[in-house]
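Encoded as structure tokens, the structure appears first; notes follow it.
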Amino acid sequence: MEKHQAIAPNSIFSFTVTDQEQAMRLDKYLAQQLPGYSRSFFQNLIDDNLVSINGKPIKKTGVLLKTNDLVVVQFPPVKTIEQIEKPDTPLTVTVIFEHEQFLIIDKPAGLMVHEPHTASTVFTLVDWLLAHHKEISAIGDAGRPGIVHRLDKDTSGIIIIPRTSYAHATLGAMFAQRTIHKTYLALVQGHPEKTGTVDLPIGRCTRTKTKMATFDPSIYSSAKRRNALTNYTVLEYFEDSSLVEVKPVTGRTHQIRVHLAAIGHPIIGDTVYGKPSLAINRQSLHAHAISFVLDGQSYQFTAPIPNDLATVLALLRKKTS
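FYI, in my numbering the residues of the sequence shown are 42 to 362.
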């Protein structure tokens with residue numbers, strides 16, 4: 042199968058595990074059999090009971106296969122335009138820059154980058170891309186075309202979208218090698234030190250599956266806990282909050298939110314790692330800038346602070362002036 046060829050909805054595939062493939066993890070095995078789809082895509086299929094081994098639905102991606110196991114995969118039905126839920130409020134996606142190899146997008150808060158599971162009908166940035174830039178459909182993972190990095194649903198700001206297979210592979214490698222530099226703005230509780238670094242491993246919270254957590258660096262050796270490094274500088278102090286410029290070195294899930302909460306300064310409005318705010322109805326986190334070098338050319342882009350966060354900052358400045 043071609044790497045970027047999408048599989049038709051409702052397709053069913055059966056595979057028999059060979060001696061050479063025994064003891065392989067299920068998600069790795071599926072990604073090997075069906076290139077163009079990521080391990081996280083198969084996790085979604087497993088969550089939706091669309092993968093079985095020897096006739097029994099499987100619940101975990103980490104299952105180790107045995108010789109002669111029969112693995113059956115069913116792809117989800119097509120998601121029609123009629124099934125996609127309309128956002129409760131208008132969400133404006135802005136193209137900051139258009140290059141033959143990539144797009145620079147300003148994603149609004151409240152918009153998911155891609156569907157959380159295969160049965161989801163929530164409108165996503167991928168849906169918007171497929172409607173406005175159809176070339177994206179053949180780029181990268183067919184389960185989330187054109188995506189090489191993500192922002193949380195309620196984080197606003199810059200995201201880069203490759204438009205060619207070359208750009209997808211190149212930018213993906215650059216993210217892995219940490220040669221793409223991102224800068225965020227965060228409004229946090231309290232007054233952190235003027236500058237600082239948070240160097241704490243991050244892994245899945247042991248008590249709440251949907252949350253991430255930091256761990257003692259001396260005992261983080263578990264494969265499920267990965268090193269994470271975040272640098273920050275305070276730009277402004279207000280009465281009981283601060284505007285912080287954040288530069289993550291690594292790119293772990295919820296990294297900035299988890300690290301700031303870990304040092305006692307959670308992001309205002311973050312209901313997962315902090316508490317709700319009357320001033321803003323989402324976490325006050327904005328992906329403000331991105332810079333990188335592609336094919337010898339330097340690029341740097343910024344996304345303006347969105348209205349909801351700008352309004353809060355204006356009120357805080359007025360209050361402290």
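Cβ atoms here follow ideal geometry from the backbone N, Cα and C, with glycine treated the same way.
Note that this is a predicted model, so its numbers are computed, not measured.
DSSP lists R245 as the beta-bridge partner residues of M253. About 6 angstroms separates the Cβ atoms of A227 and L301, confirming a contact at the 8 angstroms cut-off.
Residue state for P258 is assigned as helix, using DSSP reduced to three classes. Bridge partners of M153 according to DSSP: T165.
Annotated three-state conformation of R185 is coil, per DSSP. For R358, same chain residues with a beta-carbon under 8 angstroms away, outside a window of 5 residues either side, are E277 and F279 in chain order. For the pair A303 and P242, the Cα-to-Cα distance works out to about 11 angstroms. Under DSSP, K148 shares a beta bridge with G198. In this structure, G187 lies away from I199, with their beta-carbon atoms at least 8 angstroms apart. Bounds of any alpha helix (DSSP H) do not take in A269, whose DSSP letter is neither H nor E.
The alpha helix (DSSP H) runs lying completely inside the stretch 270 to 340 and spanning 4 residues or more are 296 to 303, given in chain order. Apart from the 5 residues on each side of it in sequence, L152 sits with its Cβ closer than 6 angstroms to the Cβ of L132 and L166 in its chain, given in chain order. DSSP places H209 inside the alpha helix (DSSP H), whose first and last residues are S206 to A217.
Counted as a single uninterrupted DSSP element, the alpha helix (DSSP H) harbouring F82 occupies residues R80 to D88.
Here DSSP, grouped into helix, strand and coil, assigns I137 to strand. Annotation: the continuous alpha helix (DSSP H) that includes K359 extends over N348 to T361.
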